[in-house]
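As structure tokens, the structure follows; a few thoughts come after it.
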Amino acid sequence: MAFVAPQTVLFLLFFLAPVAIAFALAFMDVRPNRMTFIGLRNFQRVLNDPLFGKALVNTGIFTGVVVFFWLAKALLIAYLLDPMNRTLQTFFKSAFYLPAVTSSIIISLVWAWIYHPTFGLLNAFTSTFGAKPVAWLGNTDTALPALMAMQVIMGGGSSIVLLSAALARIPRDLYEVAVIDGAKRPTIFMRVILPLIRPTLLYLVVTGTVNTFQVFESVYVMTQGGPQFATTTVVYRIYQEAFQRFNLGLASAQAIVLFLLTFVMAAIQFRFLGQNVEY
Amino acid sequence: MVVPSRPRFDPFFRDPEHPVKPSAPGAVVILVILIVLSLAAVAPLYWMFATSLTPSALTVKFPPELVPSAPTLRNYQEVLAQPNFLRWVLNSLVQAVSVTLVTVATASMAGYALAKLPFRGSKSLFWLLILSMMLPFEAILVPLFLVVTRLGLVDTYLGLILPLLVSPFSIFLMKQFIGTLPTELLDAARVDGASEPRVFWDIVLPLVRPGLAFLGIITFVAQWNSFVWPLVVTRSSSMRTLQVGLVLIREQEPLFYGLHMAAAVLAAIPVVVIFFAFQKYFLRGVTVGALKG
């Protein structure tokens, strides 16, 4: 088929071939001049690598916390905007969307500056309440939460738009019936709204989890995985192994673990949230 | 029967036709929450802009000036004087424009075939598409780099651009858009003797113009903002893209915060302009969703 040819060729060369190579490399010891088959030894090393374990835990916490709060925030905002008029909706949707079109590098640079230990805006703000300055990104207790807070505060633009569209599609008569039945707002939210926007929520949970799990840019710019590996994430770990230590076999094994985890997470979410949902 | 007159103006910005309208105090609470949350999201962008206008001597001062007392364009002059800065802008443009053009062209072709021209294996191709959409780019970063190395394309425009042209998401999006067109219309043209390329060019493409525009806009923004691939595939300073350059500027001048912020503002301007120019595309909520990265 001539119509699918260009994308198919690109897909084979720059997608399927790399995936196949990743699987092959994961079983190899890769040296500049030769490759040796070493079976599952790379995977053993991945599983025994305490740093990779730490990265998995960090990334798991990051993803769980960020996806939960980011989605709760987006749902709250979409729900609050729903009964408002068009002008107001457009105004606030634009405001929330603006950080989403700005690159994560820019956002990370700005927040590294806001979190600055001596001249940062955040310490200036907390000092007006008498708090002592904190090295937000230099402290093992605050570094990961600081990254998560940034993600939640800046995130949500496109999910608000999607949830808002889903809310607007709810047939108005359903509300009217509920109101006649004497249902209060919380009941309407739980019994009418939530079930009807479930497909959109499912979509956002799945894509949000998969994308958040790949967190890299903010770590690269703001903390380089530190302090003491407190913010080392899975993709950052793979990047270090592959492009700083040139350990390509090990990095491939790590990437395959990442891929399988992503896949399993998405499958579980489909299974538990996706009943009666057409996708 | 008296028809209740609809108020034309609501001082609390409520939608008069909404079935569960909030009360006036309720609307005030809603507005307060919205203002607080949106300020939190936009304030950092303001702070970037404010710092970019602050002379470097005044950025290292505590507490910081919320409004620059002596605004200056000095930081911008210094960014533009950075070696290769304009080259990075050019590289980002080359990457974003070429990826956008090729993606829109090839994804609409593939989307047309998948939506309207059932062929052997098109079903399985479609499922392969869905599957690959789930695979994060980061998972194939290492082997992709090896492929590009083997092809001898590291640190070249081709090496930068070619891998970014693969876009299952774009094919999926165009399949959705083209799938909504009535098949009878295409059949009528075929009966009149139009060849498939003709049907595609003369009938399909004009009808999905909004879809093409949408795909083009989000692709451009995503490419302009992309970081990981340009970071690993470029080596020499003159091949870096703007996003990578922002990090390099900070590495070279770690203490000049106004300089970092001025560079960041310059990098943000194109996408912010695109956002406001094509606001309705971003805010319409196309159900396939928007992907970042």
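These protein sequences, in sequence, are chains Z and X. Okay, so the first sequence: first residue is 364 according to my numbering, each after it adds one. Okay, so the second sequence: first residue is 204 according to my numbering, each after it adds one. We put the beta carbon where it would ideally sit given N, CA and C, even for glycine.
contact_flag[the stretch 408-427 of chain X, the stretch 277-287 of chain X] where n(CB pairs < 8 Å) is 3 or more: no
Beta-carbon gap between L526/Z and I560/Z smaller than 8 Å: yes
Simplified DSSP state of V367/Z, which is helix, strand or coil: coil
Length of the line joining the Cα atoms of T586/Z and V297/X: 30 Å
C-beta contact flag for L248/X and T275/X at 8 Å: no
Contacts around E580/Z, its chain only, beta-carbon distance under 7 Å, and the 5 residues preceding and following it disregarded: S467, I468, S471
Proximal residues, the stretch 569-585 of chain Z versus chain X, C-beta separation under 9 Å: V569, T570, V573, N574, F576, Q577, F579, E580, Y583, V584
Within chain X, the residues that V473/Z reaches when beta carbons sit closer than 9 Å: P247, L248, W250, M251, T254, H463, M464, A467
CB contact below 8 Å: S259/X versus chain Z: no
Cα-Cα separation, F378/Z to L347/X: 7 Å
Test item: CB-CB of A605/Z and V345/X under 8 Å: yes
Rounded separation between V305/X and F430/X - CA only: 20 Å
Reference A368/Z; option with closest CA among V424/X, A313/X, T437/X, G382/X: A313/X
Beta-carbon spacing of M337/X, A629/Z below 8 Å: yes
Residues from the stretch 500-524 of chain Z in contact with chain X, defined by Cβ distance under 7 Å: I516, M517, S521, V524
Test: T422/X CB closer than 8 Å to a CB of chain Z: no
Cross-chain neighbours of E341/X in chain Z, by beta carbon under 8 Å: Q577, F579, V598, I601, A618, L621
Contact residues within the stretch 347-374 of chain X, judged by C-beta distance below 7 Å to chain Z: L347, L349, V350, L365, P366, L368, V369, I374
Where V555/Z sits in the DSSP three-state scheme: helix
Cβ of K495/X within 8 Å of any chain Z Cβ: Here the model assigns K495/X a pLDDT of 29, short of 50, so the residue's position is not dependable, and the following value carries that caveat. Output row for K495/X: interface = yes.
Contacts of N448/Z in chain X (Cβ-Cβ under 7 Å): D213, F216, R217, D218
Inter-residue Cα distance where the pair is V223/X and T550/Z: 12 Å
7 Å Cβ cut-off: residues of chain X touching A380/Z: V350
Closer than 8 Å to chain Z by CB, A310/X: yes
Any 3 or more C-beta pairs closer than 8 Å across the stretch 400-412 of chain Z and the stretch 598-615 of chain Z: yes
Nonlocal neighbours in the same chain, by C-beta distance under 6 Å from I424/Z, ignoring five residues either side: none
Length of the line joining the Cα atoms of T563/Z and L237/X: 22 Å
Proximity test, Cβ basis, 8 Å: Y538/Z and chain X: yes
Backbone secondary structure at F400/Z - three-state DSSP: strand
Partner residues on chain X for Y373/Z, Cβ-Cβ distance less than 8 Å: Checking the sequence, you will find Leu at residue 373/Z rather than Tyr. Within chain X, the residues near L373/Z are T309, L365, L368, V369.
A480/X at chain Z interface by Cβ criterion, 8 Å: no
Amino acids of chain Z, ordered along the chain, whose beta-carbon sits closer than 7 Å to that of Q426/X: Near Q426/X there are no residues of chain Z at all, since even the closest Cβ is about 11 Å away, more than 7 Å.
V372/Z versus Y602/Z: straight-line alpha-carbon distance, rounded: 27 Å
Chain-ordered chain X contacts of R535/Z [CB-CB under 9 Å]: E220, H221, P222
Proximity test, Cβ basis, 8 Å: F492/Z and chain X: no
Short CB-CB distance (under 8 Å) between V345/X and chain Z: yes
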